[in-house]
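**Student:** Take 3 as the starting number for the sequence shown in this note's numbering and just add one per residue.
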Amino acid sequence: MFRKTYQYKLDASVHKSVEYKYTFLISEEFNHPLIINDHIICWEMDMPNFGYVQQITDSYGYFGDTLVTNELLEIGYEITNIQSRDGEFHPANVKVISLKKLIEKTFSCKWTTPPPNTASETKKTKRR
């Protein structure tokens, strides 16, 4: 009997986990386990300096180091050396990518912030 067991695997070689966030900051505790994520995609983020390692922690007792790689230069970084506070080591890295920076780099975009609403604009109402 022939069975296609490869379709039903639930390991890292088959599935990837992506966490979407509007803002991702190194200084703030990540609210998901680092060990279940392959990518973190965000709009706003702080970037570590090239060659300067900072630690990131999650709310599940894991932490890792930031590493700016040539592949992600100017658009993100990797979280490496992920381990638990109990010493359990996680062999995979997490790529953190700023979608905003990726769009800027890919399409040479310039973002424009509109001015705040004026008093007359906030008082306008629809006539019926």
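Note that beta-carbon positions come from the ideal geometry of N, C-alpha and C, so glycine has one too.
Quick check on S122: does DSSP put it in helix, strand or coil?
**Tutor:** For this step, residue 122 is matched to residue 120 along the sequence shown. S122 falls in the helix class under three-state DSSP.
**Student:** Based on the DSSP secondary-structure assignment, which residues constitute the bridge partners of F52?
**Tutor:** Counted from its first residue, the sequence shown places residue 52 at position 50. DSSP output for F52 lists no bridge partner at all.
**Student:** Nearest-angstrom Cα distance between E46 and F26?
**Tutor:** Taking the first residue of the sequence shown as 1, we reach residue 46 at position 44. Taking the first residue of the sequence shown as 1, we reach residue 26 at position 24. Cα to Cα, the separation comes out at about 6 Å.
**Student:** Restricting to Cα atoms, I'd like to know which of A94, G53 and G78 is closest to I105.
**Tutor:** On the sequence shown, position 103 is the one that residue 105 refers to. Of the candidates A94, G53 and G78, the one whose C-alpha sits nearest the C-alpha of I105 is G78.
**Student:** If distances are taken between C-alpha atoms only, which option among H41, G89, Y62 and N72 comes closest to F52?
**Tutor:** Translated into positions along the sequence shown, residue 52 becomes position 50. Residue N72 is the option with its Cα nearest to F52.
**Student:** In whole angstroms, what separates the C-alpha of R87 from that of I28?
**Tutor:** Mapped onto the sequence shown, residue 87 falls at position 85. Mapped onto the sequence shown, residue 28 falls at position 26. Going by the C-alpha atoms only, they are around 18 Å apart.
**Student:** In angstroms, rounded to a whole number, what distance separates the CA positions of E80 and N119?
**Tutor:** Translated into positions along the sequence shown, residue 80 becomes position 78. Translated into positions along the sequence shown, residue 119 becomes position 117. Straight-line Cα distance between these residues: approximately 39 Å.
**Student:** Taking all protein chains shown into account, do 16 or more other C-beta atoms lie within 10 angstroms of the C-beta of N39, making it buried, or fewer, making it exposed?
**Tutor:** On the sequence shown, position 37 is the one that residue 39 refers to. Buried is the call here.
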